[in-house]
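Step one of this worksheet: look at the structure below.
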Amino acid sequence: MLWIDEIEKGFSGSQSSGSTDGGTSSRVFGTLLTCMSEKTSPVFVIATANNVSHLPPELLRKGRLDEIFFVDLPSEPERREIFRIHIEKRNRDASQFDLPALAKASDGFSGAEIEESIVAGLFDAFSEGGDLTTAVVQQSLAATVPLSKTMSEELDRLRGWAQGRTRSASGAVAGAAGEVRRKIEF
């Protein structure tokens, strides 16, 4: 398995690499394309990108990257689970929190923003001599403007681009009528 995180950072300028880095990025990109197309051993490549539009089209074709998944903001049930995970990660009993209320209050928040609301809540509770509670986390959420509001135009553009071009990565959509399931075999 080969994981390439934020692939667009390394290859977005590969076409103009001759004038910026002596062609190194272009050569590395060409080598990666060749390896992906002509591999003789089973290698599963996973790449993440914050902005797919910055990737060269030859990377996105079938046979190199077989599927493009769009990871949108988490749904309410997904946010509830994210809260549970991060509360328990900090050695707190998630059953002592109103997870449905927290999930509702965090509409438009990313998983990272939810995690940071827990972290900020812990700092706030500590400074007040108390412990983390639903109310403390709700205050932290209320004090945060999520990126979905700050960058709403960019998010709308990205969602528009993904429509019809990608598969949803959300568990909320998985199993929808007509969805084709594939089995990966090695």
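Using this note's numbering, the first residue of the sequence shown is number 915, and each one after it goes up by one. Ideal placement from N, C-alpha and C gives every residue a C-beta, glycine not left out.
Secondary structure of residue i, DSSP reduced to three states
i: Thr1080; result: coil
i: His925; result: The question names His, but residue 925 in the sequence shown is Phe. Reduced to three states, the DSSP call for Phe925 is helix.
i: Leu916; result: strand
i: Ser1066; result: helix
i: Thr948; result: helix
i: Ala994; result: In the sequence under discussion, the amino acid at residue 994 is Arg, which differs from the Ala named in the question. Helix at Arg994.
i: Lys1003; result: helix
i: Gly1043; result: coil
i: Thr1048; result: helix
i: Phe943; result: helix
i: Arg1073; result: helix
i: Pro1014; result: helix
i: Asp1021; result: coil
For residue i, the residue or residues it bridges with in DSSP
i: Phe984; result: Ser1082
i: Gly959; result: This sequence places Val at residue 959; Gly is not what is there. Its beta-bridge partners are Leu916.
Cut-off 8 Å between Cβ atoms - residues of its own chain near residue i, not counting five sequence neighbours on either side
i: Ser911; result: Residue coverage of the chain in this structure runs from 915 to 1100, which leaves residue 911 outside it and unanswerable.
i: Leu969; result: Ile921, Glu922, Phe925, Ser926 and Ala963
i: Asp919; result: Ala961 and Thr962
Close beta carbons around residue i, own chain, < 7 Å, minus the five adjacent residues each side
i: Val1050; result: Gly1035, Asp1038 and Ala1039
i: Leu1069; result: Ser1062
i: Arg1006; result: Leu1046
Neighbourhood of residue i by C-beta, 6 Å cutoff - its chain only, sequence neighbours within 5 removed
i: Ala1008; result: Arg998, Ile1001 and Glu1002
Count the CB pairs spanning the stretch 1055 to 1066 and the stretch 1019 to 1029 that are closer than 8 Å, and state whether there are at least three. They touch, by the three-pair rule.
Does the stretch 980 to 990 come within contact of the stretch 1065 to 1081, defined as at least 3 CB pairs closer than 8 Å? Taking one beta carbon from each stretch, the stretch 980 to 990 and the stretch 1065 to 1081 have 3 or more pairs nearer than 8 Å; the two touch.
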